[in-house]
């Protein structure tokens, strides 16, 4: 724990906002052969699997952002037969029950649903004693975000904040990391009640975008921005793309209390792929007359 806290000290000193703005501009600028060289270096450095990409030719990407948010070939991520499918490629940071309003981040670090959701106590109350999953996207991963189940968009909130890295070391070393960083909160209604996908920003994450809004940040006005969609709902099917990161980060999912069982193969640190089974719902079946003892 002490080693982790010491490892993140330089992040408190870095001009994270300035660095993120500069890198965002560079990643979005078409620079011809120079862009292709950077992309080739990145693929080698992080072991990116381009055989899955709809466009495997690195020279075809006009900007680094185009490469980073690349689409996959049709059928590359089949959907499991499950109530909830994994929305991203990445690694499991943590998952499980929300204890009251507390979400487990790492040993010695919890944070509240209210803090994560931008201070909205009424919204946070809907997820008391519910379930959460925190999924980390590394640089090599596919960076589009998909729907874990079908849902109707009700609200989107852009919460300003810090821009710490979100890698595992930082998650262990920075208290309340995911409720401190800049984030975009997306509230949906599903067949089993409300659920939330939170797109968490990080150092060098130039922006986050959704399919219904486009790029959410920038701008970064420094105040909470809130969009309501009751009069113009957006309906998305299970597995449909809902957003993307321009450079890597983390997604936090919240579900209300009730019968939810996560994939028994899941464990913190384990790799996941979009479309795999994330969880199933179970509902206790009421006893009927046909189930009564002694009935023939």
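In the numbering used here, the protein residues as written are 774 to 1069. C-beta: ideal position from N, C-alpha, C; glycine also.
Along the chain, where does the alpha helix (DSSP H) containing residue i start, and where does it finish?
i            : result
residue 867  : Element bounds for residue 867: not the alpha helix (DSSP H) but the beta strand (DSSP E), 863-870.
residue 1034 : No alpha helix (DSSP H) contains residue 1034, which is instead part of the beta strand (DSSP E) from 1033-1035.
residue 886  : 886-889
residue 1018 : Where residue 1018 is concerned, there is no enclosing alpha helix (DSSP H), although the beta strand (DSSP E) it sits in stretches over 1014-1019.
residue 896  : 894-898
residue 953  : 950-953
Could you tell me the distance, in whole angstroms, from the CA atom of residue i to the CA atom of residue j?
i            : j            : result
residue 742  : residue 916  : Here the chain comprises residues numbered 774 to 1069, so residue 742 is not present and cannot be evaluated.
residue 961  : residue 968  : 5 Å
residue 1008 : residue 923  : 8 Å
residue 795  : residue 980  : Because the pLDDT of residue 795 is 46, which lies under 50, any placement of that residue in the model is unreliable, and the number read from its coordinates should be weighed accordingly. Residue 795 and residue 980: Cα-Cα distance of roughly 12 Å.
residue 850  : residue 808  : 28 Å
residue 1041 : residue 890  : 23 Å
residue 833  : residue 954  : 33 Å
residue 873  : residue 901  : 5 Å
residue 855  : residue 812  : 36 Å
residue 1049 : residue 934  : 31 Å
residue 966  : residue 858  : 16 Å
residue 1037 : residue 804  : 46 Å
residue 723  : residue 1055 : Nothing in the structure corresponds to residue 723, since the chain is present only between 774 and 1069.
residue 883  : residue 918  : 25 Å
residue 912  : residue 895  : 35 Å
residue 844  : residue 893  : 34 Å
residue 836  : residue 1017 : 16 Å
residue 914  : residue 975  : 15 Å
residue 819  : residue 838  : 16 Å
residue 806  : residue 995  : 36 Å
residue 925  : residue 985  : 12 Å
residue 903  : residue 871  : 5 Å
residue 1039 : residue 1051 : 8 Å
residue 897  : residue 1031 : 16 Å
residue 1010 : residue 822  : 27 Å
residue 1069 : residue 1024 : With a pLDDT of only 30 at residue 1069, under 50, the local geometry of the prediction cannot be trusted, and the value read off the model is given with reservation. C-alpha separation (whole angstroms): 52 Å.
residue 817  : residue 987  : 30 Å
residue 814  : residue 949  : 34 Å
I think residue i touches residue j, with their Cβ atoms under 8 Å apart; what is that distance to the nearest whole Å?
i            : j            : result
residue 1045 : residue 863  : 6 Å
residue 1015 : residue 959  : 7 Å
residue 910  : residue 1022 : 6 Å
residue 860  : residue 921  : 5 Å
residue 997  : residue 932  : 6 Å
Thinking C-beta only, is residue j closer than 8 Å to residue i?
i            : j            : result
residue 866  : residue 875  : no
residue 846  : residue 945  : no
residue 1026 : residue 905  : yes
residue 930  : residue 1004 : no
residue 1006 : residue 899  : no
residue 989  : residue 982  : yes
residue 1019 : residue 907  : no
residue 973  : residue 993  : no
residue 951  : residue 878  : yes
residue 1002 : residue 927  : yes
residue 852  : residue 1012 : yes
In the DSSP assignment, the beta strand (DSSP E) including residue i goes from what residue to what residue?
i            : result
residue 875  : 875-879
residue 925  : 924-932
residue 1054 : 1050-1054
residue 962  : 956-963
residue 1000 : 998-1001
residue 909  : 904-909
residue 980  : 980-983
residue 1009 : 1007-1009
residue 966  : 966-973
residue 917  : 917-919
residue 989  : 987-990
residue 1024 : 1023-1028
Which whole runs of the alpha helix (DSSP H) in the region 808-841 are 4 residues long or more, in chain order?
837-841
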